[in-house]
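K.L.:
Pasting in a structure now, in C-alpha cells, and then I'll have a few things to ask.
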Amino acid sequence: MFSDLLFRLRSLFRRGTVESEADAELRFHFDQQVTKLMKSGLTREEAKRRARLAFGGHEQLKEEIRDARGVNLIETLFQDIRYGLRVLARTPVISCVAILSLALGIGANTAIFSLIDTVMLRMLPVERPEELTEVRMSEPRSPDAEPQPTFTNPLWEALRDRQDFYSGIFAWSLTQFDLSQGGAVHDVDGMFASGDYFSTLGVRPAAGRLITPADDKRGCPGTAVLSYGFWQDHFGGAESAVGSTLSLDNHIFNIIGVSAPGFFGLEVGNKFDVAIPVCAAQIFDGPKTRLDHRSWWWLHVAGRSKPGVTADELKARLGVVSPQIFLDALPQDWEQKNQQDFLKRSFLPTPARTGTSYLRRQFTQPLHILMGVVGLVLLIACANIASLMLARASARHKEIAVRKALGASRARLIRQLLTECVLLSTAGALLGVFFARWGSALLVRYISTGDNKVFLDLSFDWRVLTFTAAAAVFTGILFGVLPAFRSTRVSLTSAMKGPLAVDAESRAKFRPGKWIVASQVALSLVLLVASGLFLRSLVKLVTMDVGFDRNNVLIVRANLHNAKVPLEQQPAMFDEMERRLRTLPGVVSASRSIMTPVSNYVWNNSLDVDEPNAPTGDAALAFFNFVSPAYLGTVRTPLLAGRGFNDGDTKTAPRVAVVNEILARKFFPNGDALGKYFRVHPEPGKPALPIQIVGLAKDAKYESLREEAHPTAYFPIAQVPEDAEEQVFELRTAARPSVLVTAVQEAVAGVSKEVPLDFTTLARQVDDSLVEERLLATLSTFFGGLALVLAMIGLYGALSYLVAQRQREFGIRMALGAPRDSILRLVMRDVILVLAGGVTAGVCLSLAAVGLLQKMLFGLAARDTVTLLACIGVLSVVAFFAGYVPARRAMRTDPMVALRYE
Amino acid sequence: MAQKRIELPQGTLDLLILRTLALEPQHGWAISERIQQISSDVLLIQQGSLYPALHRLERRGWIKAKWGTSENNRRAKYYELTKTGRKQLELEQDSWKKLAAAVAQILETA
Chain A
93 MFSDLLFRLR SLFRRGTVES EADAELRFHF DQQVTKLMKS GLTREEAKRR
143 ARLAFGGHEQ LKEEIRDARG VNLIETLFQD IRYGLRVLAR TPVISCVAIL
193 SLALGIGANT AIFSLIDTVM LRMLPVERPE ELTEVRMSEP RSPDAEPQPT
243 FTNPLWEALR DRQDFYSGIF AWSLTQFDLS QGGAVHDVDG MFASGDYFST
293 LGVRPAAGRL ITPADDKRGC PGTAVLSYGF WQDHFGGAES AVGSTLSLDN
343 HIFNIIGVSA PGFFGLEVGN KFDVAIPVCA AQIFDGPKTR LDHRSWWWLH
393 VAGRSKPGVT ADELKARLGV VSPQIFLDAL PQDWEQKNQQ DFLKRSFLPT
443 PARTGTSYLR RQFTQPLHIL MGVVGLVLLI ACANIASLML ARASARHKEI
493 AVRKALGASR ARLIRQLLTE CVLLSTAGAL LGVFFARWGS ALLVRYISTG
543 DNKVFLDLSF DWRVLTFTAA AAVFTGILFG VLPAFRSTRV SLTSAMKGPL
593 AVDAESRAKF RPGKWIVASQ VALSLVLLVA SGLFLRSLVK LVTMDVGFDR
643 NNVLIVRANL HNAKVPLEQQ PAMFDEMERR LRTLPGVVSA SRSIMTPVSN
693 YVWNNSLDVD EPNAPTGDAA LAFFNFVSPA YLGTVRTPLL AGRGFNDGDT
743 KTAPRVAVVN EILARKFFPN GDALGKYFRV HPEPGKPALP IQIVGLAKDA
793 KYESLREEAH PTAYFPIAQV PEDAEEQVFE LRTAARPSVL VTAVQEAVAG
843 VSKEVPLDFT TLARQVDDSL VEERLLATLS TFFGGLALVL AMIGLYGALS
893 YLVAQRQREF GIRMALGAPR DSILRLVMRD VILVLAGGVT AGVCLSLAAV
943 GLLQKMLFGL AARDTVTLLA CIGVLSVVAF FAGYVPARRA MRTDPMVALR
993 YE
Chain B
68 MAQKRIELPQ GTLDLLILRT LALEPQHGWA ISERIQQISS DVLLIQQGSL
118 YPALHRLERR GWIKAKWGTS ENNRRAKYYE LTKTGRKQLE LEQDSWKKLA
168 AAVAQILETA
C-alpha cells in the first residue's frame, strides 16, 4: 500500500522523466518493429506505415500508461484544484461573499464547539485523568438531588485516615485571597490544597517544591505554591520568587515553589494563582477555625483508586466505611432529627476525568442552544452558497456542454464542481478558525463577571480541529452536491439548439433554487423567533420592578477581620465609617448592611409564629438581612406601613424587624402582621427571642431576578447575632458611582488604613446575575440578524438571477403589450410564493423547536404569539424589499434592449 | 499471417508477461515478439495493451525496470521479474493449469 503510494508519487513528481522514458520506450518499440518489417522486404516507408497502423495513437497509449501507473487520479486532482482556483478567481466578489459567509458560519460553530469541548468534554491536563474519581455525598432526605460535592474538614480527615483503597486521595477548596494590605482589594484566585493534592495528580514543580503531606499538619506555618501563570505575571518568572513572601488576607506566607505550566486545578472555568495547605485555614480563622467546624462545608475531595479496584468495588467500599466516618464527624449542635439524617449519608464516587465545573451546570443548556443556533446559521450560509453555485453553474451551461461534447464523463464533471466547492469551504474553514479563536476568547470574557473571572484553556485540541475539518467537508458537499448534479445534467441537443432552448430548460432547472430560498426563509424565521424570545425575556428581566433602584448605587465591601480589628471594636468602627461616608460630597444617602440584593449570598432560617396553620419546615423559611436605619431609603425599597429602624434600635433594645409583603401574607394571612411577634428557629441550647414586626416593606428580589420574591425580614444591624466582620456600604450617588471610589478610600483610611475595600455597583451586580440570559439574547440576536441578512442575500441573488434569465421573455411580453406592472406582479408572485412557503414551514419548525427553550425564558411562554407574529412581520417586510428590487429591474426591462440581446 | 488470431482472455496477458520474463530480462518489443513466436503467431500482443500492462505490473512490484543496451546497441527499457513476481507467477500458473484442465475435462466429457 505504502510502496504503491510512493510509486504513484514518484510518477507524479518526476513526471518529466517518466514522460520522456515512456516516449523513449515506445519509440524503441516502434523502431524495432520498423526494422523487423524492413527485414521482411518492405520499403522503409511502407514499414513505417504498417508499424504506425499497428501502434495506434501514441498519445492515447501514453495516457493509458499514466493511468496504469496511477498518476492520473492525483494529477487530475491537482488539475481540478488549479482549475477550481481559476474559476473562483474569475468571480472574486461571489467567491469572497461565499468564503466570508462560510467563515462566519464555520467560525461560529467552531467557537461554540470549542467552549463545549473545554467546559464539558476535555480531559484534565493531569496524569491518567481517567483514574480520578471525585467523592460526593448522597443525601437520603432528597435521593433525587445531585450528590453534594462539599465536605467539612472533620469528614475529610476521617475519610482520609480510614480508607485503604485509594492510592492517593486529596481535598481542595477554591477561594479568593487579598494581596493588598489595606486600601483597595487586590484579589487573586486562591486554593486550599491538602498534602497529597499535587503528588496524586502527578503535577511537577516548575521551580522549588510543591505542598507535601509534611506541609499539611495542624498548626502549620504559612507556605504557598504559585501557579506557573501567576509566577510569570506577578514575579516575571524570577527564580528569586521561591523563598520570598506573599501577603494573603494580611498574613505572611512563604513561597516554596511553582507548579508546572498548564495546570489550572480541577475545576474547569476556574484557575488558582496561589495554593496553600488546608491546615493554613487556621492562620486566617484563629482558634475557632473551620478545621474543627462540623457544619462548615468547604472542601472538595477526589482520589485515584488503587490498581485493581473497580468502580463498583470503590462504591461498595466507600459505602462500607461511611457510617463510622459520619458518626465521627457528626455535628453535635444539630437537632436530633437532622443528626439522624446526617448519619444516613454516605460517600459516592463520581468520575472526574474531565474535572468538575459549576460552568457545566450553568452553561450546558445555553451552550447547547447556541450550538443549535450556529448550526442553523451554517445551514443557511450553505443554502446561500448552494444557490450561488446553482446560478453560476447555469451560467456555465455552455462550458459544461462543450466539455461534455469533448468526451468528459459526468462523474468527471461532478468531481470538478465538487472540488470547487470543497476549495471554497476549506478557505472558509481556515478563515473560520481565526474567527473562532477570537470569538471564543470574546465569549469567555462575556460570561466572566466582576466576582467571577472565568478562566478556560481555549487552545484548540484535536477534537475541535476534527470538528472544524468535518464541518468544512460536510458544508462543501452539502452546498455542492445539488448544483453539481443539476448542472451536469446537460442535454447536448438543447445546448446546440441555441440560447432559447437553454433558457426554457434552465428555468425549469431553477426550481430547486426556489426551494433553497424557501428553506432559508424557514430556518431564519426559527432563529428570529428564538432570538425574539430571548430578547423579550431579557427585556422583561431588566425592566421589571425588582423592589429596589439599582441605578447610581456604589457598593463597598469592607472586611475588618482581615484588617485584624478586635471584635469588640468593630461595631463602633463600622458606625464611624458609615457616618463619614454619609457626609462625602456627591453622596445622596449612605447605609450599611450584611447583604445586598442579588449578590449570591443568602442568609435564611425558619420562623415560628403563634398563628393557627402556621407554615412549618421548609415552608417556614425566611430570608434575612441586617441593615442600618438608612438602608431601605438608600436602595429605595419603599416602606409601606409602620416605621423603619432608628438609632434607638441598639443591641440591647427590644428585637424588632421590618418584613416584606410576602412574609406578612404567608405567616399572617389575616393581614395584621404589623405589631405581631415571630421567633427565629434557634440554635440548640439558645433561647428563641420574640421579635416584633414594626414595619412593612415592599417586596424586593433577594437572590435572583428570576425568583418569586422571597419572604424577607430586615433586622437592625446593631442586633446581628453573630460576628459580622464583613459588612457592605451602599452609597446612593448623585452622579456616576465610580467617581466616588477614591473619596471613599480616603474617608475609610481616615478611620483605619488597614481595611481592604472591594467596590462594585448595584447595577453591575444585577447585570452579572443575568449572564446566561444576556449571552443568549445577544448571541441569538446577532445570529438571527446574520441569518436574516444571509437569507435576504439568497433571495435577492436568486431573484436577480431569475430576472436576468427571463429578460428576453419579459421583453417579448412587453413588446406584445403587457403593461409594466404585470411584469412586476409576475415576479412578485414568485417572491410571495417562496415567502409563504418558507414562513409556513418556519412557523411549524418554530412551534416544534421552541419548547426546548422554555426553561431559559422568563415571563413568557415559548409559543408566544406576539413574538411569532412580530418575527413573521419583520421577515416578510425585509423579504418583500429584497424581492422588490430585482422585480423593479424586471419591470424596467427595455423591450428593445432585451430583444436585441444576442 | 493467415492463421486466425485468438483474443486473450482477461488477465492472461499478465501471466504471459511474467512467464516470458521468467527466463531472462527483456524489453517490451522482445516480450511481444517472443509471445508471438512461441504461440506460433496465434497470440499477437497489441502495444496498446502491452505497455499499460507492463507499467501496471511494475506498480504492483512484480517486475522492475532498468535501462540497458539492446542487441542493436540502442538504449532500451528492460523488465525483470522480482521475488514477489516470481511467487505470483507460480500462483497464477497453478491456477491457470487447474482452470485449463477443468475446462478441457468438461469439453471432453460433456
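So the protein sequences, as listed, match chains A and B. Quick note: to get this note's numbering, add 92 to the position in the first sequence (first position is 1). Quick note: to get this note's numbering, add 67 to the position in the second sequence (first position is 1). Yeah, the Cβ is synthetic: ideal placement off N, Cα and C, and Gly gets one too.
1. What does Lys131 of chain B pair with, by DSSP beta-bridge criteria?
2. What residues match up with Arg684 of chain A in a beta bridge as DSSP calls it?
3. Starting from Pro235 of chain A and walking both ways along the beta strand (DSSP E), at which residues does that stretch end?
4. The beta strand (DSSP E) that contains Met283 of chain A, what's its start and end?
5. From Ser551 of chain A to Arg310 of chain A, what distance separates their C-alpha atoms?
6. Cβ closer than 8 Å: which chain A residues qualify as neighbours of Gln96 of chain B?
7. With DSSP collapsed to three states, give me the class of Leu862 of chain A.
8. Is any heavy atom in the ligand FAD found nearer than 7 Å to the beta carbon of Cys371 of chain A?
9. Under 7 Å between beta-carbons, which chain B residues line up against Arg161 of chain A? List them in chain order, please.
10. If we count the other Cβ atoms within 10 Å of its Cβ and call it buried at 16 or more, is Ala139 of chain A buried or exposed?
11. How would you call Val185 of chain A, buried or exposed, if buried means at least 16 neighbouring beta carbons within 10 angstroms?
12. I'd like to know whether the C-beta of Ala928 of chain A is nearer than 8 Å to at least one C-beta of chain B.
13. By the 10 Å Cβ neighbour count, where 16 or more other Cβ atoms means buried, how is Met68 of chain B classified, buried or exposed?
14. Can you list, in chain order, the residues of its chain whose CB lies under 7 Å from that of His278 of chain A, leaving out five sequence neighbours each side?
15. Can you tell which of A:Leu766, A:Tyr538, A:Ala503, A:Phe760 has its C-alpha closest to the C-alpha of Arg578 of chain A?
16. Of all the CB atoms in chain B, is at least one closer than 8 Å to the CB of Leu509 of chain A?
17. Using a Cβ cut-off of 8 Å (strictly closer), state whether Lys131 of chain B contacts chain A.
18. Below 7 Å CB to CB, which residues in the same chain sit around Asp549 of chain A once its five sequence neighbours on both sides are set aside?
19. Classify Asp108 of chain B as helix, strand or coil using the three-state DSSP reduction.
20. What are the start and end residues of the alpha helix (DSSP H) that includes Tyr976 of chain A?
21. Using C-beta distances below 6 Å, list every residue in its chain close to Met481 of chain A, excluding the 5 sequence neighbours before and after it, in chain order.
22. With three or more C-beta pairs closer than 8 Å as the rule, is the region 358-365 of chain A touching the region 440-451 of chain A?
23. Quick one: list the residues of chain A neighbouring Arg187 of chain B, beta-carbon separation under 9 Å, in chain order.
24. Answer with yes or no whether the minimum CB distance from Tyr118 of chain B to chain A is below 8 Å.
25. Just the Cα atoms here: how many angstroms apart are Lys150 of chain B and Lys131 of chain B?
26. Check for me: the alpha helix (DSSP H) holding Ile754 of chain A runs from which residue to which?
27. Which of helix, strand or coil does DSSP assign to Thr60 of chain A?
28. Could you check what DSSP says for Trp264 of chain A in three-state terms: helix, strand or coil?
29. At least one CB of chain B closer than 8 Å to the CB of Leu153 of chain A: is that the case?
30. Starting from Ser938 of chain A, follow the alpha helix (DSSP H) in both directions and report where the run begins and ends.
31. So, using beta-carbon positions, are Asp702 of chain A and Pro721 of chain A closer together than 8 Å?
32. If you draw a straight line from the C-alpha of Gln784 of chain A to the C-alpha of Asp741 of chain A, how long is it?
33. Can you list the residues of chain B that Ile166 of chain A reaches, using a CB-CB cut of under 8 Å?
34. Mind listing the chain A neighbours of Lys144 of chain B? Cutoff is C-beta to C-beta under 8 Å, in chain order.
35. Val863 of chain A and Thr541 of chain A look like a contact to me (Cβ under 8 Å); what is the Cβ gap, rounded to whole Å?
36. Shorter than 8 Å from the beta carbon of Gly133 of chain A to some beta carbon of chain B?
P.N.:
The structure says:
1. Reading the second sequence from its first residue, position 64 is the one you call residue 131 of chain B. Lys131 of chain B is bridged to B:Glu147.
2. Indexing the first sequence from 1 puts residue 684 of chain A at position 592. Per DSSP, A:Phe821.
3. As a working note, residue 235 of chain A is residue 143 in the first sequence. No beta strand (DSSP E) contains Pro235 of chain A, which DSSP labels as neither H nor E.
4. The residue given as residue 283 of chain A occupies position 191 in the first sequence. Per DSSP, Met283 of chain A belongs to the beta strand (DSSP E) from 279-285.
5. Numbered from its first residue, the first sequence carries residue 551 of chain A at position 459. Numbered from its first residue, the first sequence carries residue 310 of chain A at position 218. Whole-angstrom Cα-Cα distance: 40 Å.
6. Start at 1 with the first residue of the second sequence, and residue 96 of chain B comes out as number 29. Sequence inspection shows Trp at residue 96 of chain B; the Gln mentioned does not correspond to that position. Result: Phe120, His121, Gln124, Gln125.
7. The count along the first sequence starts at 1 and reaches residue 862 of chain A at position 770. Three-state DSSP puts Leu862 of chain A in coil, outside helix and strand.
8. The ligand content of the structure shown is nil, which means the ligand FAD is not present either.
9. Your numbering for residue 161 of chain A matches position 69 in the first sequence. Neighbours of Arg161 of chain A on chain B, chain order: His122, Arg126.
10. Reading the first sequence from its first residue, position 47 is the one you call residue 139 of chain A. Burial call: buried.
11. Stepping through the first sequence from its first residue, residue 185 of chain A is reached at position 93. When all chains shown are included, Val185 of chain A counts as exposed.
12. As a position in the first sequence, residue 928 of chain A is number 836, starting the count at 1. It does not: the Cβ of Ala928 of chain A has no partner Cβ on chain B nearer than 8 Å.
13. Translated into positions along the second sequence, residue 68 of chain B becomes position 1. With a pLDDT of 41 at Met68 of chain B, under the threshold of 50, the modelled position of that residue is not reliable, and the figure given next carries that caveat. By the 10 Å Cβ count, Met68 of chain B comes out exposed.
14. For the purposes of this step, residue 278 of chain A is identified with residue 186 of the first sequence, where counting begins at 1. Cβ within range, chain order: Asp270, Leu271, Ser272.
15. Locating residue 578 of chain A in the first sequence gives position 486, where the first residue counts as 1. The shortest Cα separation from Arg578 of chain A among A:Leu766, A:Tyr538, A:Ala503, A:Phe760 belongs to A:Ala503.
16. Reading the first sequence from its first residue, position 417 is the one you call residue 509 of chain A. Not one chain B Cβ lies under 8 Å of Leu509 of chain A.
17. The residue labelled residue 131 of chain B in the question sits at position 64 within the second sequence. So, not an interface residue.
18. The residue you call residue 549 of chain A lines up with position 457 of the first sequence. Closer than 7 Å at the Cβ level, and outside the excluded window around Asp549 of chain A, lie Thr210, Phe356.
19. For the purposes of this step, residue 108 of chain B is identified with residue 41 of the second sequence, where counting begins at 1. In this structure, Asp108 of chain B counts as coil in the three-state DSSP scheme.
20. Position 884 of the first sequence, counted from the first residue, corresponds to residue 976 of chain A. Tyr976 of chain A -> alpha helix (DSSP H) spans 957-983.
21. In the first sequence, counting from the first residue as 1, residue 481 of chain A sits at position 389. The answer, listed in chain order, is Pro575.
22. yes
23. It is not possible to answer for residue 187 of chain B, since the shown part of chain B is limited to 68 through 177.
24. In the second sequence, counting from the first residue as 1, residue 118 of chain B sits at position 51. With 8 Å as the cut-off, Tyr118 of chain B counts as an interface residue toward chain A.
25. Here the question's residue 150 of chain B lines up with position 83 in the second sequence. Here the question's residue 131 of chain B lines up with position 64 in the second sequence. So the alpha carbons of these two residues sit roughly 10 Å apart.
26. Here the question's residue 754 of chain A lines up with position 662 in the first sequence. 753-759 is the extent of the alpha helix (DSSP H) around Ile754 of chain A.
27. The requested residue 60 of chain A is not part of the displayed model; chain A covers only 93 to 994.
28. Indexing the first sequence from 1 puts residue 264 of chain A at position 172. Reduced to three states, the DSSP call for Trp264 of chain A is strand.
29. Sequence index remark: in the first sequence, residue 153 of chain A carries index 61 (1-based). Cβ-Cβ to chain B under 8 Å: yes for Leu153 of chain A.
30. Here residue 938 of chain A refers to the residue found at position 846 of the first sequence. Note, Ser938 of chain A: alpha helix (DSSP H), 912-941.
31. Here residue 702 of chain A is taken as the residue at index 610 of the first sequence, counted from 1. Here residue 721 of chain A is taken as the residue at index 629 of the first sequence, counted from 1. It is not a contact, given that the beta carbons lie outside the stated cut-off.
32. The count along the first sequence starts at 1 and reaches residue 784 of chain A at position 692. The count along the first sequence starts at 1 and reaches residue 741 of chain A at position 649. Near 12 Å, if we compare the C-alpha coordinates of Asp741 of chain A and Gln784 of chain A.
33. Here residue 166 of chain A is taken as the residue at index 74 of the first sequence, counted from 1. None at all; the shortest Cβ gap to chain B is about 13 Å.
34. As a working note, residue 144 of chain B is residue 77 in the second sequence. Within 8 Å Cβ-Cβ: Glu113, Ala116, Glu117, Phe120.
35. Position 771 of the first sequence, counted from the start, is the residue given in the question as residue 863 of chain A. Position 449 of the first sequence, counted from the start, is the residue given in the question as residue 541 of chain A. Indeed they touch by this definition, with Cβ atoms about 6 Å apart.
36. Numbered from its first residue, the first sequence carries residue 133 of chain A at position 41. Chain B, which has no Cβ nearer than 8 Å to the Cβ of Gly133 of chain A, makes this no.
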